[in-house]
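Protein chains in written order, with the numbering used here: chain H, 284 to 508; chain E, 284 to 508.
Heads up, the thing below is written out as structure tokens.
Number of protein chains: 2
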Amino acid sequence: MDPISDAIRLEGARYALLRRLAPSMRHHLVVNLQPIGMIYEVLDKRLLAAEPQLAQIKDSAARMNGFARAAVQSCLDVMTWLTPEEGATSTVAEGVQECMGLLNGNFNFRGFSIANEAGACTLTVSRPGIRSVLTACMLACTDERSRPADLVLRADAGNGEVALTIALADNMSTDCFPNDGAYRDITWADVGAIAAAESIGVSHDEQLVRITFPGIIPTVPLTVD
Amino acid sequence: MDPISDAIRLEGARYALLRRLAPSMRHHLVVNLQPIGMIYEVLDKRLLAAEPQLAQIKDSAARMNGFARAAVQSCLDVMTWLTPEEGATSTVAEGVQECMGLLNGNFNFRGFSIANEAGACTLTVSRPGIRSVLTACMLACTDERSRPADLVLRADAGNGEVALTIALADNMSTDCFPNDGAYRDITWADVGAIAAAESIGVSHDEQLVRITFPGIIPTVPLTVD
């Protein structure tokens, strides 16, 4: 076997992470599209009325258009999980919310809960960095457990850097499903490859994952939106 | 450096391929959404008429809904490039058209042309297989060239298998842009890893790429649509 570079190990880790995030990405792609059909059915019925109420029809059409516009945004946003925008930043609070939003369904299904106690930390970090390292850590620390757990996220900012911690404690959840359908487990080797590429520090034991982000002094508006 | 398995090399190849296909995937996600806003503007103006023409308004609303439905389908379809559907099949002709549809814009931009002379080959092959191996081959054989070329795709079915060939000939295109913005070149090592995983044979020289698919005897309807 020829030698394989760290670059390919990194690509492998990023691929596995994408595969694990894919079901949530799919949901975000279509979530704004599904209401359009329902609003259309109502609008179409309203047109059949003896005296159609144009204000209501106007409102339904505007709502259809609003969901379509939101769908464009969510499609473009989902694609940035695949192709990160160079130099994009987000606050820690935004990053945590975004990652939880993407993984919550997956976690609930498996019997894990996530509590966000990271608060409104406004320190700016790399958006691709927090997205990839936090989701990889959340998957790695749950994939390696044989039983469900409760996760608590906390943030501790100081000295221009942020430490984000994930505390894990067994829970008694019985309403959980195994991870069998998943592409494969995310390993700490995957996390290490991604974290190194993003210049983010990660340490972990069975009860605590600690992610250390170097803060960014924003030279551009804080968010890309 | 610890040893890295063939599995990770394969994941690395699949990741690089996804990154190269991402701009086309993004386009397919939003292509059906963009007309909705234009139709809405027309519908909204029609509602302002002294005597609104309800039939036209009904038609506009139906078209908005039609594009939204098509967008759901294209979103779900794009996601299957990331998460292949196990056991999905397509005919060779469908697979070739789908891959050309995804890569045409990329190729034209770089000064390459693609002619599809594969015809209406109805032999059934693995859909994830033809998608990943054909796109990887098309990128690998063009990435390694220093000048633009014309590509001709042909199919030769027999003995229950299909050979798909890509013939390359230099062209005089000057209306071309370098590949600098691309994530990275797709290499023949990437192609080899993906082809092996899909049980597809690939051989190549500078003028010809030959892809050998084992045919599938369809036990289910020929297409997944």
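Think of the CB as a built atom: it goes at the ideal place given N, C-alpha and C, for glycine as much as any other residue.
In this text, all values refer to a predicted model and were calculated from it rather than measured experimentally.
Residues of the region 349-383 of chain H whose Cβ lies closer than 9 Å to any Cβ of chain E, in chain order: 350, 351, 352, 354, 355, 358, 359, 361, 362, 365, 366. A distance below 7 Å between beta-carbons, with the five flanking residues on each side excluded, links residue 318 (chain E) to the following residues of its chain, in chain order: 350. In its chain, beyond the 5 residues on either side, 423, 487 have a beta carbon closer than 7 Å to the beta carbon of residue 471 (chain H). A contact between stretches requires three or more CB pairs, one per stretch, nearer than 8 Å, and the region 297-310 of chain E meets this requirement with the region 291-309 of chain H. Annotated three-state conformation of residue 483 (chain E) is coil, per DSSP. Residue environment for residue 473 (chain E): buried (at least 16 other C-beta atoms within 10 angstroms of its C-beta). When C-beta atoms of the region 390-406 of chain E are compared with those of the region 445-461 of chain E, three or more pairs fall below 8 Å, so the two segments count as touching. By the neighbour-count criterion, in which a residue is buried when 16 or more other Cβ atoms sit within 10 angstroms of its Cβ, residue 354 (chain H) is buried.
Chain H has a Cβ within less than 9 Å of the Cβ of residue 294 (chain E). Note on geometry: alpha-carbon atoms of residue 376 (chain E) and residue 416 (chain E) lie some 15 Å from one another. By the beta-carbon neighbour count (other beta carbons within 10 angstroms, threshold 16), residue 448 (chain E) is buried. For the options E:489, E:446, E:468, the alpha carbon positioned closest to that of residue 498 (chain E) is the one of E:446. Just so you know, the alpha carbons of residue 400 (chain E) and residue 391 (chain E) end up roughly 18 Å apart. Between residue 425 (chain H) and residue 419 (chain H) a beta carbon distance of about 11 Å is seen, past the 8 Å cut, so the two are scored as non-contacting. For residue 386 (chain H), no chain E residue has a C-beta closer than 9 Å to its own C-beta; the minimum C-beta separation is roughly 16 Å. Residue-level contact check: residue 337 (chain E) touches chain H, since one or more beta carbons of chain H fall below 9 Å from its beta carbon.
The shortest C-alpha to C-alpha distance from residue 463 (chain E) to any of E:389, E:365, E:348, E:414 is the one to E:389. For residue 496 (chain H), the beta-bridge partners assigned by DSSP are H:445. Apart from sequence neighbours up to five positions away, the residues of its chain that approach residue 465 (chain E) with a beta-carbon distance below 7 Å are 303, ordered along the chain. At a cut-off of 9 Å, the C-beta of residue 301 (chain E) has a neighbouring C-beta in chain H. Contacts between residue 422 (chain E) and chain H, judged by CB atoms closer than 9 Å, are missing: the closest CB pair is about 15 Å apart. Nearest Cα to residue 411 (chain H) within the set H:428, H:384, H:482: H:482. For residue 314 (chain H), no alpha helix (DSSP H) segment is defined, and its DSSP state is neither H nor E.
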